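*Asks:* Before we start, here is the structure in question, set down as structure tokens.
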Amino acid sequence: MSASPIIEARREQMFPVLDEHDIAHLKRFGELRPYETGAYLMKTGEIAPGLIVILAGKVQVSQGGGYSPRQDVIQHGPGSFTGELAQLSDRPSLVDSVAMEPVDALVIPPRRLRDVMVQEASLGERLMRALILRRVGLLRAGETGPIIIGSSGSADVLRLEVFLTRNGHPHKTLDSRIDSCAQTLLERFHVATEQLPIVLCPGGQILHNPGESELARCIGLVRKIDPDRIYDTVIVGAGPAGLAAAVYAASEGLSTLVLDCRSFGGQAGASSRIENYLGFPTGITGLALMARAYNQAQKFGAEIAIPDEASKLGDGEGARFLVSLGDGEHVRANSLVVASGARYRRPSIDNLSEFEGTCVHYWASAIESRLCAGQEVALVGAGNSAGQAVVYLAQHVKKVWMIVRGPNLEATMSQYLVERIRGLRNVEVLVRTEICGLEGEANTLANVRWKNRDTGAESTHAIGHLFLFIGAEPNTDWLAGSGIARDAKGFIVTGSEEAHHALATSRKGVFAIGDVRAGSVKRVAAAVGEGAQVVAALHAYLADMRVNGAAEGKVDGR
Ligand SMILES: Cc1cc2nc3c(=O)[nH]c(=O)nc-3n(C[C@H](O)[C@H](O)[C@H](O)COP(=O)(O)OP(=O)(O)OC[C@H]3O[C@@H](n4cnc5c(N)ncnc54)[C@H](O)[C@@H]3O)c2cc1C
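Structure below.
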């Protein structure tokens, strides 16, 4: 973990030593436990009992092992503690911690650790910072977590990499074509090239080209949902709107479950740099901003299930609502917040799907920029997200051809981005232009054809990667048959006269926030604001239900 200079510079914050005063405060949150020499305090792939503060003795923390070489991370002595973000939310450990001599320790279980964060402000802040920095260290080192083995750049390897990256989970990819360790592992497990990719999980399991849900379950990112529990509120979507609602709802004492079918952060998590969000004058990557919100929601005790997809909204048994999940599970709640946002539209190009996942992209992150480094790329779109992606890609590629349907950028893009794009010498903006064909074979794009909409003049360019940012449509198909009113484009209508609240839908107890809401301002700040605002409405609704609606279901049946 010492590899990164940034981590080295923040070592003291990453591995703070608590004094007697701190430990005295912590004692009421945990219990004392001895460990013999050689005993595991934490084991990779297994759920640890919590954050463990060393009172006497020494503990060695290491990562890797199993399928990759073991590396020492740090040795803890009295006053240090072992644990990182996984222990905040009861997830399997990413490292081994072993007693090197008899150890006396204070074990603080995850639920009580969250109490520390809230009740002991200054100490909680130091612990939280250390947990986050430790996760950053593990992510940068890339020596723990699942190992993906496959052909780098293939659609399935990319899919798995994007999933783990977007969920802030450490992992490593070994390119089966050039990496000798990959060859050795494939021979050892008798895996043929046609069976790639495979994923080696820290618990020893081998998954053959798994879906995101199968992988998440194997590495303990998501668990079975308790079907008997009735949550005060279930929030569908962990984008900025959903996470903001989770932070406010959980911090104000509502039992809260957040579901997301993909990753935390939503569209904002895909933004290479957000510069117009209040309080970040130098800008911040969407993933970094959203990771903070995700950790903050967990700190206040919100449960987060990713990936879990809401597939249907029905009536609850003993609760107001029953949300069906993709794999036959369901969850019960007394109120529902729809924050399922929007997704990028796909243009109607005949053979588009042939190149999706490998050469046609809807995000521009480090993973995609690595694939097209030094090449010419084409990008379609003229909104702010397209502008950001152009600015980001221009740093990594030889040239960006920006394809714009309209007559200029000014009508659809913030002025600061328009000016920045003008200043980039390797970006050429083509207005009144549209893509008219893609050429290539075996999922590999070779040429992109576009035409001028006024003159009809066509040209063909040798381009291997196409980025599409052409406006969004709402993620509301799962609400079909739910009785929730939507507008002609599928966005949820809120605030009608009968609804009694600006964010209330046509169905009592169901609220909609963020991009999924008809008439919403499609911005991070607006989504976050609505997430904060909706919690007051939830309180009012649940209080009313307690008084008038007991017959329809008990409130929070924990
Ligand atoms: C590349 C890009 C750059 C951007 N840059 C900026 C910027 O600089 N500044 C700015 O203010 N705005 C920016 N935006 C817009 C901003 O990101 C959005 O307005 C904001 O993310 C909307 O938040 P949301 O929570 O409402 O929805 P989303 O961010 O869309 O999140 C919705 C979440 O719901 C999940 N979901 C959907 N359906 C289901 C289901 N059935 N079950 C479970 N989960 C589901 C999705 O997986 C997703 O995570 C950008 C957008 C993009 C795409």
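Letter by letter, the sequence shown follows residues 1158 to 1715 in our numbering. We put the beta carbon where it would ideally sit given N, CA and C, even for glycine. Small disclaimer: the values here were computed from a predicted structure and weren't measured.
1. Under the DSSP definition of a beta bridge, which residues are partnered with residue 1545?
2. Name the DSSP beta bridge partners of residue 1489, please?
3. Looking at residue 1221: is its Cβ nearer than 8 angstroms to the Cβ of residue 1256?
4. Could you tell me whether the Cβ atoms of residue 1581 and residue 1560 are closer together than 8 angstroms?
5. According to DSSP, is residue 1495 part of a helix, a strand, or is it coil?
6. Three or more C-beta pairs closer than 8 angstroms, one from the stretch 1678-1695 and one from the stretch 1390-1410: is that the case here?
7. Can you list, in chain order, the stretches of the beta strand (DSSP E) that have 3 or more residues and sit fully within the stretch 1265-1330?
8. Can you tell me where the alpha helix (DSSP H) with residue 1692 in it begins and where it stops?
9. What separation, rounded to the nearest whole angstrom, lies between the Cα atoms of residue 1201 and residue 1617?
10. Where does the unbroken beta strand (DSSP E) through residue 1615 begin, and where does it stop?
11. Cβ-heavy atom distance between residue 1358 and ligand 1 below 7 angstroms?
12. Determine the direct distance from the alpha carbon of residue 1380 to that of residue 1350, and round the result to whole angstroms.
13. In terms of alpha-carbon separation, which member of 1538, 1475 and 1482 lies closest to residue 1504?
14. Verify whether the separation of the beta carbon atoms of residue 1254 and residue 1197 is less than 8 angstroms.
15. Cα separation between residue 1392 and residue 1496?
16. Below 8 angstroms between beta carbons: does that hold for residue 1623 and residue 1517?
17. Just to confirm the assignment, what range does the alpha helix (DSSP H) spanning residue 1454 have?
18. CB of residue 1536 to nearest heavy atom of ligand 1: below 7 angstroms?
19. So does the stretch 1276-1295 actually touch the stretch 1463-1477, counting three or more Cβ pairs closer than 8 angstroms?
20. Do you know whose CA, among 1542, 1611 and 1555, lies nearest residue 1564's CA?
21. In chain order, what residues of the same chain have a beta carbon less than 6 angstroms from the beta carbon of residue 1328, not counting five sequence neighbours either side?
22. Suppose you measure from the CA of residue 1463 to the CA of residue 1170; what does that come to, to the nearest Å?
23. Secondary structure at residue 1572, three-state DSSP: helix, strand or coil?
24. Note down, in chain order, each residue of its chain lying with its Cβ closer than 7 angstroms to the Cβ of residue 1524, except the 5 sequence neighbours on either side.
25. So, residue 1343 versus residue 1305, is the Cβ gap smaller than 8 angstroms?
26. Provide the residue span of the alpha helix (DSSP H) that contains residue 1219, from first to last.
*Replies:* Inspection of the coordinates gives the following:
1. By 1-based counting over the sequence shown, the position of residue 1545 is 388. Per DSSP, none; premise fails for residue 1545.
2. The residue given as residue 1489 occupies position 332 in the sequence shown. In DSSP, residue 1489 forms a bridge with 1387 and 1479.
3. For this step, residue 1221 is matched to residue 64 along the sequence shown. For this step, residue 1256 is matched to residue 99 along the sequence shown. Going by C-beta atoms, residue 1221 is not nearer than 8 angstroms to residue 1256.
4. The residue labelled residue 1581 in the question sits at position 424 within the sequence shown. The residue labelled residue 1560 in the question sits at position 403 within the sequence shown. The answer is no: Cβ separation not under 8 angstroms.
5. Counted from its first residue, the sequence shown places residue 1495 at position 338. If DSSP states are grouped into helix, strand and coil, residue 1495 belongs with the strands.
6. yes
7. 1304-1307
8. Here residue 1692 corresponds to residue number 535 of the sequence shown, with the count starting at 1. Looking at the DSSP string, the run of the alpha helix (DSSP H) that includes residue 1692 is 1681-1705.
9. Along the sequence shown, read from residue 1 onward, the residue named residue 1201 stands at position 44. Along the sequence shown, read from residue 1 onward, the residue named residue 1617 stands at position 460. So the alpha carbons of these two residues sit roughly 52 angstroms apart.
10. Along the sequence shown, one-based indexing puts residue 1615 at 458. Per DSSP, residue 1615 belongs to the beta strand (DSSP E) from 1615-1619.
11. Within the sequence shown, residue 1358 is the residue found at index 201, counting from 1. False, no ligand heavy atom lies under 7 angstroms from that Cβ.
12. Residue 1350 sits at position 193 when you count from the first residue of the sequence shown. Residue 1380 sits at position 223 when you count from the first residue of the sequence shown. The straight-line gap from Cα to Cα measures roughly 31 angstroms.
13. Your numbering for residue 1504 matches position 347 in the sequence shown. Selected option, being the one with the closest Cα: 1538.
14. Residue 1254 sits at position 97 when you count from the first residue of the sequence shown. Residue 1197 sits at position 40 when you count from the first residue of the sequence shown. Cβ distance < 8 angstroms, so residue 1254 and residue 1197 count as in contact.
15. For this step, residue 1392 is matched to residue 235 along the sequence shown. For this step, residue 1496 is matched to residue 339 along the sequence shown. Roughly 7 angstroms between the two C-alpha positions.
16. On the sequence shown, residue 1623 is found 466 positions in, with the first residue counted as 1. On the sequence shown, residue 1517 is found 360 positions in, with the first residue counted as 1. The answer is yes: Cβ separation under 8 angstroms.
17. What you label residue 1454 is simply residue 297 of the sequence shown in a count that begins at 1. Here the alpha helix (DSSP H) through residue 1454 covers 1443-1456.
18. For this step, residue 1536 is matched to residue 379 along the sequence shown. Not under cutoff, so the answer is no.
19. no
20. Taking the sequence shown and counting its residues from 1, the one referred to as residue 1564 is at position 407. It is 1611.
21. Here residue 1328 corresponds to residue number 171 of the sequence shown, with the count starting at 1. Within the same chain, residue 1328 has close Cβ partners 1302, 1303 and 1321.
22. Walking along the sequence shown from the start, residue 1463 turns up at place 306. Walking along the sequence shown from the start, residue 1170 turns up at place 13. Going from the Cα of residue 1463 to the Cα of residue 1170 covers about 29 angstroms.
23. As a first step, residue 1572 must be located in the sequence shown, where it is residue number 415. It is helical.
24. Mapped onto the sequence shown, residue 1524 falls at position 367. So the qualifying residues of the chain are 1315, 1318, 1319 and 1322.
25. Here residue 1343 refers to the residue found at position 186 of the sequence shown. Here residue 1305 refers to the residue found at position 148 of the sequence shown. No; because the gap between Cβ atoms is not below 8 angstroms, this pair is not in contact.
26. Numbered from 1 along the sequence shown, position 62 holds the residue referred to as residue 1219. Run containing residue 1219: none in the alpha helix (DSSP H); it sits in the beta strand (DSSP E), 1216-1222.
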